[in-house]
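*Asks:* My questions will all concern the structure given below.
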Amino acid sequence: MSYIYGPVPSRRLGRSLGVDPLPLKTCNFSCIYCQLGRTERYTKDRKEFFPKEDITEEMEERIREIGRENIDYITFAGSGEPTLYSPLGWLIEKAKDYGKVAVLTNGSLLSDEEVREELYKADVVLPTLDAGYEKTFKRINRPYRISFDTMIEGMVNFRKEFKGELWFEFMAIDGLNDSQQEISKVKEILDAIRADRVYINVPIRAPAEPWVRGSKKIQEIKSVLSESFEIVIPEEGEFEIVSKDKEGVRREILDITRRHPMRKEQIEEVLIEKGFEDLLEELIEEKEIEVFSHEGREYFRIKKK
Numbered sequence: 001m002s003y004i005y006g007p008v009p010s011r012r013l014g015r016s017l018g019v020d021p022l023p024l025k026t027c028n029f030s031c032i033y034c035q036l037g038r039t040e041r042y043t044k045d046r047k048e049f050f051p052k053e054d055i056t057e058e059m060e061e062r063i064r065e066i067g068r069e070n071i072d073y074i075t076f077a078g079s080g081e082p083t084l085y086s087p088l089g090w091l092i093e094k095a096k097d098y099g100k101v102a103v104l105t106n107g108s109l110l111s112d113e114e115v116r117e118e119l120y121k122a123d124v125v126l127p128t129l130d131a132g133y134e135k136t137f138k139r140i141n142r143p144y145r146i147s148f149d150t151m152i153e154g155m156v157n158f159r160k161e162f163k164g165e166l167w168f169e170f171m172a173i174d175g176l177n178d179s180q181q182e183i184s185k186v187k188e189i190l191d192a193i194r195a196d197r198v199y200i201n202v203p204i205r206a207p208a209e210p211w212v213r214g215s216k217k218i219q220e221i222k223s224v225l226s227e228s229f230e231i232v233i234p235e236e237g238e239f240e241i242v243s244k245d246k247e248g249v250r251r252e253i254l255d256i257t258r259r260h261p262m263r264k265e266q267i268e269e270v271l272i273e274k275g276f277e278d279l280l281e282e283l284i285e286e287k288e289i290e291v292f293s294h295e296g297r298e299y300f301r302i303k304k305k
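Quick note on numbering: the UniProt record's numbering labels position 102 of the sequence shown as 102, and the sequence is numbered without any gaps.
Below, the structure is given as structure tokens:
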């Protein structure tokens with residue numbers, strides 16, 4: 001099991017080294033737009049899914065290999081909701097020895113005082129807020145035994161004590177959360193939380209539900225939210241492969257596609273640059289990765305065993 005992936009170039013976090021402490025698709029949401037597909041391990045219970053020492057050992061080894069100066073953030077994210085990992089605070093403390101730490105979270109467990117205490121140690125926390133109302137929240141995020149109001153209250157309480165940056169992500173879905181009424185309510189909530197920044201996204205890679213489409217009202221959404229917040233509309237980033245040998249390149253591609261589908265041309269560009277043009281065909285023949293299409297583009301993802 002590999003817990004570390006990247007660095008992944010990110011407009012939000014620069015060169016981000018990913019730390020993934022969860023089994024694939026372990027979450028308390030099953031978002032309709034999730035690029036990993038529907039949640040398979042639906043849970044709200046926190047536990048130590050993998051030994052924390054194994055994760056930090058791999059993280060430290062990877063940082064030595066890459067060089068600390070080549071990493072802007074160590075980011076907890078990946079295969080599900082990272083706050084479900086019970087020793088997350090311990091991992092954050094270890095990661096802080098090597099640089100700045102970011103946590104990507106759906107924000108649902110910020111109602112738990114213990115989780116808030118753990119995340120206070122991070123430099124940047126990036127919660128998700130895709131809805132202004134409970135009904136929309138349930139339709140988009142499909143939460144597991146989570147109250148929308150309780151979740152928002154947890155976010156407000158977290159902001160009161162958190163000294164770092166709080167950057168929210170909003171996934172704009174056509175016909176679901178892009179109405180004037182919904183966006184105004186989202187703004188009201190973000191005002192109450194006192195977000196530092198808001199990232200407006202649309203689904204780029206294949207979503208869990210094929211009928212999901214990105215909103216066409218991005219500029220309208222931006223005009224409402226920008227009255228109070230710094231608004232950023234990210235572009236699709238590239239992926240960085242740092243290994244020079246073929247086996248290392250292979251490992252990195254598998255580590256990334258396990259968590260982030262990669263465009264066909266992204267992989268091809270990397271392999272041409274590294275001089276391993278034959279590796280893509282090998283991975284397909286060995287049934288390690290599979291191709292799928294979304295909105296006229298071909299992507300590769302890890303193949304289910």
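Note that the Cβ used here is the ideal one computed from N, Cα and C, for glycine as well. Because the structure is a prediction, the values reported are computed rather than measured.
Taking V156 as part of the alpha helix (DSSP H), name the residues at either end of that continuous run.
*Replies:* Here residue 156 refers to the residue found at position 156 when the sequence shown is read from its first residue. First-last of the alpha helix (DSSP H) with V156: 148 to 161.
*Asks:* Which partner residues of P127 appear in the DSSP bridge assignment?
*Replies:* As a position in the sequence shown, residue 127 is number 127, starting the count at 1. Beta-bridge pairing links P127 to T105.
*Asks:* Measuring only the C-alpha atoms, how far is N177 from R258?
*Replies:* As a position in the sequence shown, residue 177 is number 177, starting the count at 1. As a position in the sequence shown, residue 258 is number 258, starting the count at 1. Straight-line Cα distance between these residues: approximately 29 Å.
*Asks:* Under the DSSP definition of a beta bridge, which residues are partnered with E165?
*Replies:* The residue you call residue 165 lines up with position 165 of the sequence shown. Paired residue(s): V124.
*Asks:* Helix, strand or coil for I71? Go by DSSP, reduced to three states.
*Replies:* If you number the sequence shown from 1, residue 71 lands on position 71. DSSP places I71 in coil when its eight states are reduced to three.
*Asks:* The alpha helix (DSSP H) spanning residue 320 covers which residue range?
*Replies:* In the structure as shown, the chain begins at 1 and stops at 305. Residue 320 is therefore absent and cannot be evaluated.
*Asks:* Using three-state DSSP, classify G275 as helix, strand or coil.
*Replies:* Residue 275 sits at position 275 when you count from the first residue of the sequence shown. Coil at G275, not helix or strand.
*Asks:* Determine, using beta-carbon pairs with one atom in the region 91 to 98 and one in the region 68 to 76, whether at least three such pairs fall under 8 Å.
*Replies:* Contact check between the region 91 to 98 and the region 68 to 76: three or more CB pairs, one atom from each, fall below 8 Å, which counts as touching.
*Asks:* Which residues does DSSP list as the beta-bridge partners of N141?
*Replies:* Numbered from 1 along the sequence shown, position 141 holds the residue referred to as residue 141. BP columns for N141 are empty, so no partner.
*Asks:* DSSP state of V202, grouped into three classes?
*Replies:* In the sequence shown, residue 202 corresponds to position 202, counting from 1. The answer is coil: DSSP assigns V202 none of H, G, I, E or B.
*Asks:* Let me make sure I understand the geometry here. Which of K25, G37, E117 has the alpha-carbon closest to that of A208?
*Replies:* In the sequence shown, the residue the question calls residue 208 occupies position 208. Minimum Cα distance to A208 is reached at G37.
*Asks:* Could you pull the start and end residues of the alpha helix (DSSP H) that G248 belongs to?
*Replies:* To locate residue 248, count along the sequence shown from 1; it is residue 248. Note, G248: alpha helix (DSSP H), 246 to 257.
*Asks:* Using the beta-carbon count (16 or more within 10 Å), is T150 buried or exposed?
*Replies:* The residue you call residue 150 lines up with position 150 of the sequence shown. By the 10 Å Cβ count, T150 comes out exposed.
*Asks:* Could you please give the first and the last residue of the uninterrupted alpha helix (DSSP H) stretch that includes E40?
*Replies:* Locating residue 40 in the sequence shown gives position 40, where the first residue counts as 1. From DSSP, E40 is part of no alpha helix (DSSP H); its letter is neither H nor E.
*Asks:* Applying the criterion that 16 or more other CB atoms from any shown protein chain within 10 Å of the CB defines a buried residue, is Q266 buried or exposed?
*Replies:* For the purposes of this step, residue 266 is taken as the residue at position 266 of the sequence shown. By the neighbour-count rule (16 or more Cβ atoms within 10 Å), Q266 is buried.
*Asks:* Among all the DSSP beta bridges, which residues are the ones paired with E290?
*Replies:* In the sequence shown, the residue the question calls residue 290 occupies position 290. In the DSSP output, where bridge partners are listed per residue, E290 has R301.
*Asks:* Specify the secondary structure class of S79 as computed by DSSP and reduced to three states.
*Replies:* Position 79 of the sequence shown, counted from the first residue, corresponds to residue 79. Three-state DSSP puts S79 in coil, outside helix and strand.
*Asks:* By how many angstroms is the C-alpha of V103 removed from the C-alpha of Y3?
*Replies:* Locating residue 3 in the sequence shown gives position 3, where the first residue counts as 1. Locating residue 103 in the sequence shown gives position 103, where the first residue counts as 1. Distance between the alpha carbons of Y3 and V103: 15 Å.
*Asks:* Going by Cα to Cα distance, which pick from P127, E114, K47 is closest to I152?
*Replies:* As a position in the sequence shown, residue 152 is number 152, starting the count at 1. Residue P127 holds the alpha-carbon nearest to the alpha-carbon of I152 among P127, E114, K47.
*Asks:* For I173, report the span of its alpha helix (DSSP H) as first-last.
*Replies:* Start at 1 with the first residue of the sequence shown, and residue 173 comes out as number 173. I173 -> no alpha helix (DSSP H), and no H or E assigned at all.
*Asks:* Once the 5 residues before and after residue 391 are set aside, which same chain residues still bring their CB inside 6 Å of it?
*Replies:* Coverage of the chain is limited to positions 1 through 305, which leaves residue 391 absent and any answer about it impossible.
*Asks:* If we count the other Cβ atoms within 10 Å of its Cβ and call it buried at 16 or more, is E277 buried or exposed?
*Replies:* On the sequence shown, position 277 is the one that residue 277 refers to. So E277 counts as exposed.
*Asks:* Considering only the beta carbon of each residue, do F170 and V198 sit closer than 8 Å?
*Replies:* Indexing the sequence shown from 1 puts residue 170 at position 170. Indexing the sequence shown from 1 puts residue 198 at position 198. It is a contact, given that the beta carbons lie within the stated cut-off.
*Asks:* Let me check understanding here. Comparing Cα to Cα, which of R205, I253, V212 lies closest to E288?
*Replies:* Here residue 288 refers to the residue found at position 288 when the sequence shown is read from its first residue. Nearest to E288 by C-alpha distance, out of R205, I253, V212, is I253.
*Asks:* CA-CA distance, G248 and K274?
*Replies:* One-based indexing of the sequence shown puts residue 248 at position 248. One-based indexing of the sequence shown puts residue 274 at position 274. For G248 and K274, the distance between alpha carbons rounds to 11 Å.
*Asks:* Rounded to the nearest angstrom, what separates P87 and F49 at their Cα positions?
*Replies:* Locating residue 87 in the sequence shown gives position 87, counting from the first residue. Locating residue 49 in the sequence shown gives position 49, counting from the first residue. If I take the Cα positions, the gap works out to 9 Å.
*Asks:* Could you work out which residue in G78, A122, E188 is closest to L129 when comparing CA atoms only?
*Replies:* As a first step, residue 129 is located in the sequence shown; it is residue number 129 there, counting from the start. For the residues G78, A122, E188, the minimum Cα distance to L129 belongs to E188.
*Asks:* Under 6 Å Cβ to Cβ from C27, same chain only, skipping five residues before and after it: list those, please.
*Replies:* Within the sequence shown, the letter at position 27 stands for residue 27. Taken in chain order, the residues that qualify are T39, G80, E81.
*Asks:* Return yes when the Cβ of R213 is within less than 8 Å of the Cβ of P261, no when it is not.
*Replies:* What you label residue 261 is simply residue 261 of the sequence shown in a count that begins at 1. What you label residue 213 is simply residue 213 of the sequence shown in a count that begins at 1. Taking 8 Å as the Cβ cut-off, P261 and R213 do not qualify as a contacting pair.
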